[in-house]
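Student: Would you mind keeping the following structure in view while I ask a few things?
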Amino acid sequence: MTIKWTTDMSVGVEKIDEQHRELARRINAIYKAVTQDNGPEEVAPVFYFLEEYIVRHFTDEQALMSQYEYPEKDEHLTIHNAFIRDVLSLKIKYEEEGCTPELLEELQERVSDWFVDHVMVRDKALGLFISEKSAQ
Ligand SMILES: [Fe+2]
Ligand SMILES: [Fe+2]
């Protein structure tokens, strides 16, 4: 599945939106790798990207949650941690077994699901909370 960025995906914080757009571009690159059979060349940079991205992006969201005293912070962070674990276990699989079609499929599915289930739901809820609190 490819992700086409639309304004309704915006959480209302430009820095976070830009990071989400960056993730959407990567998801599309993974999709291309899966469908065009150039997975082996694409997959290593994707893991490098994801590892760096996860640290940077999750740190920025965490800082916002603290700053705005977001009541669902702990739950949100638990979900971030589960994603970190999943990405790391896929990376270990990649290092042990190489770029198999199953790995590519799994990676593609996990990050696309992440975008739909987390970015468009949980991060949106955070964005809404921040904009409501900022307006007070
Ligand atoms: Fe996010
Ligand atoms: Fe998040």
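To convert, count from 1 in the sequence shown and add 892; that's our numbering.
All C-beta atoms in this analysis are idealised placements derived from N, C-alpha and C, irrespective of residue type, glycine included.
Hey, is the segment 952-961 in contact with the segment 982-999, meaning 3+ C-beta pairs nearer than 8 Å?
Tutor: At 8 Å Cβ cutoff, the stretches do not touch.
Student: Pick out whichever of D1005, V926, Q954 and D900 has its Cα sitting closest to the Cα of V979.
Tutor: It is D1005 whose Cα lies nearest to the Cα of V979.
Student: Return yes when at least one heavy atom of ligand 1 lies under 7 Å from the C-beta of D1009, else no.
Tutor: No.
Student: Closer than 8 Å by C-beta to V938: which residues in its own chain qualify, once you throw out the five before and the five after it? Chain order, please.
Tutor: Here the set comprises R918, A921, I922, A925 and L999.
Student: On the three-pair Cβ rule with 8 Å, is the segment 976-994 touching the segment 901-908?
Tutor: In short, these stretches do not touch, since the Cβ pair count stays below three.
Student: My guess is that R1014 and H968 are in contact by the Cβ rule of under 8 Å, so how many angstroms apart are they, rounded?
Tutor: Yes, they are in contact, since the Cβ atoms of R1014 and H968 sit about 6 Å apart, within 8 Å.
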